[in-house]
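J.: Submitted below is the structure of interest, expressed as structure tokens.
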Amino acid sequence: MALNVVVFVGGVGGAKLAYGLAHILPPENLTIIVNTGDDFWHYGLRVCPDLDTIMYTLSGLVNKTNGWGIDGDTRAVLDAMQRYGEAPWFQLGDQDIATHLLRTQALADGETLTQITTKLNTALGVQHRVLPMTDAPVATMVDTVDQGELAFQTYFVRHRWQPVVKSLRFEGVEAAAVTPEVRAALQSADVILIGPSNPWLSIAPILAVPGMRELILAYDVPRVAVSPIIGGKAVKGPAAKLMVELGYEQTAQAVADYYGEVINGFVVDTVDAGLSLGVQHTANFEIIMNSESDRISVAKNVLQWIQAWV
Ligand code: GDP
């Protein structure tokens, strides 16, 4: 019988592991819980970048070069906006806009983000459960040295994560709640994984949802993170830069320390085999997931290693 696995993810990095897991686990045995701190309103639309990256990746629609967006998507809407003098800084493909339109309408009609996420994923043939971390709106806010506090996408996309970060906060998270769907998934989990997502930008908002940490720690199950930091560098994106700015060492070990009691297992790359990690269970194998087969083999290796110690 397959293990029940719950994996916490952000966007592109987390999607790689989620893809591998979805290839080896039947739909009823995998729940993917996704960061929504990156969500924002743009041109009147509710845009949920991490949820969409996961959905496009699992459905096979994703633009594989970027790791986000829809393959072959066009930008007629954004080009038309430019005629009005608008200078769009956030990429919204024409097909992608269909996702945002339907989600925005559903939310306006009173559906929860969980409900519309399930509908959209099901329509695209995604059978594994994809759940937002909460149904309440949460907004990651980035306080920067030079530009003051920026909304997440302004920092990340508009300013290409160049401003130096002082601190982060998750607006609205105090009023957010764990959904019944997330609770049920965690209650029946045999294994809880944290994907190789950005710990501060993608995983921290999930862990900040009131009750989430307690729920993760309530059961004596393996709780394993896969490092997004390899050889002191982020595979992609601002994780390593952010670590320095927030006062952490640029190492996989600092990621493990940051997760603290939330994890009891940690997977690093072979290049980091020499690190002494203060985690009960540790493993090292190649965790770069460039190809589809890398993703599947990392997912297999992680689960096989966990099964050996449960
Ligand atoms: P985002 O929301 O799109 O930035 O996506 P995530 O937070 O899920 O992923 C970003 C993190 O993924 C970065 O810190 C990268 O270092 C990490 N990452 C990207 N590709 C890989 C990979 O192939 N292997 C590992 N171990 N980490 C990766």
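Each position in the sequence shown, counted from 1, maps to that position plus 86 in this note's numbering.
Built from N, CA and C at the ideal position, the CB exists for glycine as well.
Remember, predicted model here, so these are calculated numbers, not experimental data.
Can the beta-carbon of Ala-262 be found less than 8 angstroms from the beta-carbon of Ala-222?
T.: yes
J.: Please tell me whether, using a cut-off of 7 angstroms, the distance from the CB of Thr-139 to the nearest non-hydrogen atom of the ligand GDP is below it.
T.: yes
J.: Expressed to the nearest angstrom, what Euclidean distance is found between the alpha-carbon atoms of Ile-110 and Met-167?
T.: CA-to-CA, the gap between Ile-110 and Met-167 works out to about 43 angstroms.
J.: Just to confirm my understanding: we take Ala-101, look at its own chain, exclude 5 residues before and 5 after, and list those with CB closer than 6 angstroms. What are they?
T.: Once the five neighbours on either side are set aside, the close Cβ partners of Ala-101 are Thr-139, Ile-140, Thr-143.
J.: With a threshold of 8 angstroms on Cβ separation, who are the neighbours of Thr-187 within its own chain once the five nearest residues in sequence on each side are excluded?
T.: For clarity, residue 187 is Leu in the given sequence; the question names Thr instead. Cβ neighbours of Leu-187 beyond the five flanking positions: Leu-131.
J.: Give the residues whose C-beta lies closer than 5 angstroms to at least one heavy atom of the ligand GDP, in chain order.
T.: Gly-96, Gly-97, Val-98, Gly-99, Gly-100, Pro-282, Ser-283, Asn-284, Ser-288, Pro-314, Ala-320, Val-321, Lys-322, Gly-323, Ala-325, Ile-373, Ile-374, Met-375
J.: Quick check: Val-163 and Asp-157, are their CB atoms within less than 8 angstroms of each other?
T.: no
J.: Between Arg-299, Ile-292, Gln-181, which has its C-alpha nearest Gly-123's C-alpha?
T.: Ile-292
J.: How big is the Cα-Cα spacing for Ser-377 and Gly-258?
T.: 37 angstroms
J.: Please specify which runs of the beta strand (DSSP E), each continuous and at least 3 residues long, are wholly inside the stretch 98-144, giving them in chain order.
T.: 116-120, 126-128, 131-133
J.: Whole angstroms is fine: what's the gap from Lys-322's alpha carbon to Val-354's?
T.: Their Cα atoms are separated by approximately 16 angstroms.
J.: Assuming contact is defined by CB atoms lying nearer than 8 angstroms, are Lys-319 and Ala-326 in contact in what I supplied?
T.: yes
J.: CA-CA distance, Arg-169 and Leu-332?
T.: 41 angstroms
J.: To the nearest angstrom, report how far apart Ala-104 and Pro-282 are at their CA atoms.
T.: 10 angstroms
J.: Return the chain-ordered ranges of every beta strand (DSSP E) run that is complete within the stretch 305-333 and spans a minimum of 3 residues.
T.: 309-312
J.: According to DSSP, is Pro-218 part of a helix, a strand, or is it coil?
T.: strand
J.: For Met-375, report the span of its alpha helix (DSSP H) as first-last.
T.: No alpha helix (DSSP H) holds Met-375; DSSP gives it neither H nor E.
J.: For Val-384, which option in Leu-89, Ala-108, Gly-96, Gly-97 has the closest C-alpha, if you only look at C-alpha atoms?
T.: Ala-108
J.: Using only CA atoms, which one of Arg-255, Gln-213, Gly-317, Ile-316 lies nearest to Pro-113?
T.: Of the candidates Arg-255, Gln-213, Gly-317, Ile-316, Gln-213 places its Cα closest to the Cα of Pro-113.
J.: Taking all protein chains shown into account, do 16 or more other C-beta atoms lie within 10 angstroms of the C-beta of Gln-366, making it buried, or fewer, making it exposed?
T.: exposed
J.: Rounded to whole angstroms, what's the CA-CA distance from Asn-90 to Met-298? Just pull it up for me.
T.: Asn-90 and Met-298 have their C-alpha atoms some 18 angstroms from each other.
J.: Short of 8 angstroms in beta carbon distance, which residues of its chain neighbour Leu-363, apart from the five on each side in sequence? Order them along the chain.
T.: Ala-338, Gln-339, Ala-342, Phe-352, Val-354
J.: Closest to Val-316 by C-alpha separation, out of Gly-360, Ser-379, Ala-88, Leu-193, would be which residue?
T.: Residue 316 is actually Ile in this sequence, not Val. The candidate whose alpha carbon is nearest that of Ile-316 is Gly-360.
J.: Within this structure, are the beta carbons of Gly-211 and Ile-382 separated by less than 8 angstroms?
T.: no
J.: How big is the Cα-Cα spacing for Val-277 and Val-307?
T.: Straight-line Cα distance between these residues: approximately 6 angstroms.
J.: Within a Cβ cutoff of 6 angstroms, which residues of the same chain sit near Met-375, ignoring the five residues on either side of it in sequence?
T.: Lys-102, Arg-381, Val-384
J.: Between the C-alpha atoms of Trp-154 and His-245, what's the straight-line distance to the nearest angstrom?
T.: Going from the Cα of Trp-154 to the Cα of His-245 covers about 18 angstroms.
J.: Would you report the Cα separation of Val-133 and Phe-176, rounded to the nearest angstrom?
T.: 10 angstroms
J.: For Val-93 and Gln-273, I'd like the C-alpha separation in whole angstroms.
T.: 13 angstroms
J.: So Met-219 and Arg-255 are in contact, right, with Cβ under 8 angstroms, and what is the actual spacing, rounded?
T.: Going by Cβ atoms, the distance from Met-219 to Arg-255 rounds to 16 angstroms, so no, they are not a contact pair.
J.: Measuring CA to CA, which of Ala-209, Asp-165, Pro-285 is closest to Gly-146?
T.: Ala-209
J.: List the DSSP bridge partners of Gly-96.
T.: In DSSP, Gly-96 forms no bridge with anything.
J.: My assumption, with CB atoms under 8 angstroms, is that Leu-193 sits in contact with Ala-271. Please give the rounded CB distance.
T.: At roughly 22 angstroms, the Cβ-Cβ gap does not stay under 8 angstroms, so Leu-193 and Ala-271 are not in contact.
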